[in-house]
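Protein chains in written order, with this note's numbering: chain A, 1 to 51; chain B, 1001 to 1332.
Here you go:
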């Protein structure tokens, strides 16, 4: 039985190289800031493969 | 107050969430709670002056991790339980104007990464059975905030539509040994009349059985259950296909088309290996000025009536720009 999503580890996605800052909000909720290096769009230039 | 009430007639949970009556309704831009922190001090949900993509717990959640006990007492026939789960808001961009259709391929790729990351995180929480990424776009859909954003719900049950899909997929696998979506996609590609866009690893169609005139299903060629299982190339294909379909939608009637976007991933605590990740869009427009409403047959009997032929609406969308992957990349 598959228990939840699997991580794909057969290739590297530069968009997975984000930084994630989790911070509490004033009322106790949580906010998550995702950020990427500016170079990420240049790194990810591979076209979608023909399947 | 929110709770889950069991409907024994349909065999499904109904979420009661009275706090949502108080949520912010279409504020002017200067008071948008999804904009970055403002120098004038008008508060927003976001404490930073700039950001890339932000996810935060919804201020008016239907489901929450610390859900209080139900306000009513259920029975054996009609049980009630706490509305445990999560409701998150995904703010696509710090820019107030624009829509997902305006997003660059790079921003769409960022969003896919965030959707995958939040799905994995929420799926590992105790009691979560399903993680649902979606977007409501347009006032006719019921959107209360104009700033480009989507949502993620983590349910403590498998929602009814997905539950039916899971059952149908299991039945099809039992009868044929194959994947239901793979086989439907194969027939759609063989036929071709309802194909709207192809990006190699993803195909968009107005399905044979479309309920909405311009409904679109985006399906990956490879059998995976979750966004996190897509390769980098397949995520790129998803971004390109999303961009193409959204651009076609906005070109259809000459205005930014409202829609519901539903990302259907597999359930997280059930053997759903037969399930196939896909994205569904339901625009309510049947013409530029006429909407399809869920009326007597749809709302009262659950039987959809589509006023159009999928072969014709797909042909309309297919011919609209962009028609190739190269055109999508050039326009991004």
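Virtual Cβ for every residue (Gly too), placed ideally from N, Cα, C.
CA nearest to the CA of residue 1109(B), picked from 1216(B), 1124(B), 1093(B): Selection 1216(B), 1124(B), 1093(B) evaluated against residue 1109(B) yields 1093(B) as nearest (Cα-Cα).
Contacting residues, own chain, Cβ-Cβ under 6 angstroms from residue 1116(B) (five flanking each side not counted): Counting only Cβ-Cβ distances below 6 angstroms, and skipping sequence neighbours, we find 1227, 1228.
Round the Cβ separation of residue 1091(B) and residue 1149(B) to the nearest angstrom and send it over; I've been treating them as touching at under 8 angstroms. The beta carbons of residue 1091(B) and residue 1149(B) sit about 5 angstroms from each other, so the pair counts as a contact at 8 angstroms.
Beta strand (DSSP E) runs wholly inside the region 1136-1167 of chain B, at least 3 long, in chain order: Counting only runs of 3 or more, we get 1149-1155.
Just grab the DSSP bridge partners of residue 1212(B) for me. BP columns for residue 1212(B) are empty, so no partner.
With 9 angstroms as the C-beta to C-beta threshold (strictly closer), list the residues of the region 1221-1250 of chain B near chain A in chain order. Residues 1221, 1222, 1224, 1225, 1226, 1227, 1228, 1229, 1230, 1231, 1232, 1233, 1234, 1235, 1236, 1237, 1238, 1239, 1240, 1241.
Would residue 1102(B) pass as an interface residue toward chain A - the criterion being a Cβ-Cβ separation below 8 angstroms? False, the Cβ-Cβ gap to chain A never drops below 8 angstroms.
Does residue 1348(B) come out as helix, strand or coil in the three-state DSSP assignment? In this structure chain B extends from 1001 to 1332, so residue 1348(B) is not present and cannot be described.
Proximal residues to residue 25(A) (C-beta, below 7 angstroms), its chain only, five neighbours per side dropped: Closer than 7 angstroms at the Cβ level, and outside the excluded window around residue 25(A), lie 31.
Short CB-CB distance (under 8 angstroms) between residue 1134(B) and chain A: Not an interface residue.
Which residues in the same chain as residue 1276(B) place their Cβ atom closer than 6 angstroms to its Cβ, once the five residues preceding and following it in sequence are excluded? Taking residue 1276(B) as the centre and dropping the five residues before and after it, the same chain places the C-beta of 1179, 1181, 1223 closer than 6 angstroms to its C-beta, in chain order.
Any beta-carbon of chain A closer than 8 angstroms to the one on residue 1158(B)? No, its Cβ sits nowhere closer than 8 angstroms to a Cβ of chain A.
Below 8 angstroms, how does it come out for the region 1092-1107 of chain B and the region 1228-1243 of chain B: are there three or more Cβ pairs, yes or no? Judged by Cβ distances under 8 angstroms, the region 1092-1107 of chain B makes contact with the region 1228-1243 of chain B, as three or more pairs qualify.
Using a cut-off of 9 angstroms between C-beta atoms, extract the partners of residue 1106(B) located in chain A. What residue 1106(B) touches in chain A: 15, 36, 40, 41, 44.
Which one of 1139(B), 1118(B), 1141(B), 1284(B) has the shortest CA to CA distance from residue 1130(B)? The option with the nearest alpha carbon to residue 1130(B) is 1118(B).
Starting from the C-beta of residue 21(A), find all residues in its chain whose C-beta is less than 6 angstroms away, skip the five residues before and the five after it, and write them out in chain order. Excluding sequence neighbours, residue 21(A) sits near 33.
Member of 1060(B), 1314(B), 1285(B), 1034(B) whose CA lies at the smallest distance from the CA of residue 1333(B): Nothing can be reported for residue 1333(B), as the shown portion of chain B is limited to 1001 through 1332.
Helix, strand or coil for residue 15(A) per DSSP? Residue state for residue 15(A) is assigned as helix, using DSSP reduced to three classes.
For the beta strand (DSSP E) holding residue 1287(B), just list the boundary residues, first then last. Careful: residue 1287(B) lies outside any beta strand (DSSP E) and carries neither H nor E.
How is residue 1310(B) classed by DSSP in three states: helix, strand or coil? If DSSP states are grouped into helix, strand and coil, residue 1310(B) belongs with the helices.
Where does the unbroken alpha helix (DSSP H) through residue 986(B) begin, and where does it stop? Nothing can be reported for residue 986(B), as the shown portion of chain B is limited to 1001 through 1332.
From the DSSP output, read off the bridge partner residues of residue 1202(B). Within the DSSP bridge table, the entry for residue 1202(B) names 1220(B) as partners.
Taking only three categories from DSSP, how would you classify residue 22(A)? In the structure shown, residue 22(A) adopts extended strand secondary structure according to DSSP, grouped into three states.
Apart from the five residues just before and just after residue 1189(B), which ones in its own chain have a Cβ nearer than 7 angstroms to its Cβ? The beta carbon of residue 1189(B) is closer than 7 angstroms to those of 1195, 1203 in its chain, skipping five residues each way along the sequence.
Could you check where the beta strand (DSSP E) with residue 1280(B) kicks off and where it finishes? That run of the beta strand (DSSP E) goes 1278-1282.
Restricting to Cα atoms, I'd like to know which of 1073(B), 1063(B), 1279(B) is closest to residue 1086(B). For the set 1073(B), 1063(B), 1279(B), the Cα lying nearest the Cα of residue 1086(B) is the one of 1063(B).
Nearest-angstrom Cβ-Cβ length linking residue 1199(B) and residue 1237(B), presumed shorter than 8 angstroms: With a Cβ gap of about 4 angstroms, residue 1199(B) and residue 1237(B) count as contacting.
So which of 1001(B), 1328(B), 1044(B) has the shortest CA-CA distance to residue 1080(B)? Selection 1001(B), 1328(B), 1044(B) evaluated against residue 1080(B) yields 1001(B) as nearest (Cα-Cα).
Please report the straight-line C-alpha distance between residue 1146(B) and residue 1014(B), rounded to a whole angstrom. Between residue 1146(B) and residue 1014(B), the C-alpha separation is close to 27 angstroms.
Interface residues of chain C around residue 1125(B) at Cβ under 8 angstroms? You won't find chain C in this structure, because its protein chains are A and B.
Please list the terminal residues of the continuous alpha helix (DSSP H) segment that includes residue 1345(B). The displayed coordinates of chain B run from 1001 to 1332. Any statement about residue 1345(B) would go beyond what the structure contains.
When the distance is taken between beta carbons, is residue 1213(B) closer than 8 angstroms to residue 1292(B)? When the beta-carbon positions are compared, residue 1292(B) and residue 1213(B) come within less than 8 angstroms of each other.
Is residue 36(A) helix, strand or coil by DSSP? If DSSP states are grouped into helix, strand and coil, residue 36(A) belongs with coil.
Does any CB atom of chain A fall closer than 8 angstroms to the CB of residue 1015(B)? It does not: the Cβ of residue 1015(B) has no partner Cβ on chain A nearer than 8 angstroms.
Which residues in chain A have a C-beta closer than 8 angstroms to the C-beta of residue 959(B)? List them in chain order. The structure shown has nothing for residue 959(B), since chain B only spans 1001 to 1332.
If you run the structure through DSSP and keep just helix, strand and coil, what is residue 1328(B)? DSSP places residue 1328(B) in helix when its eight states are reduced to three.
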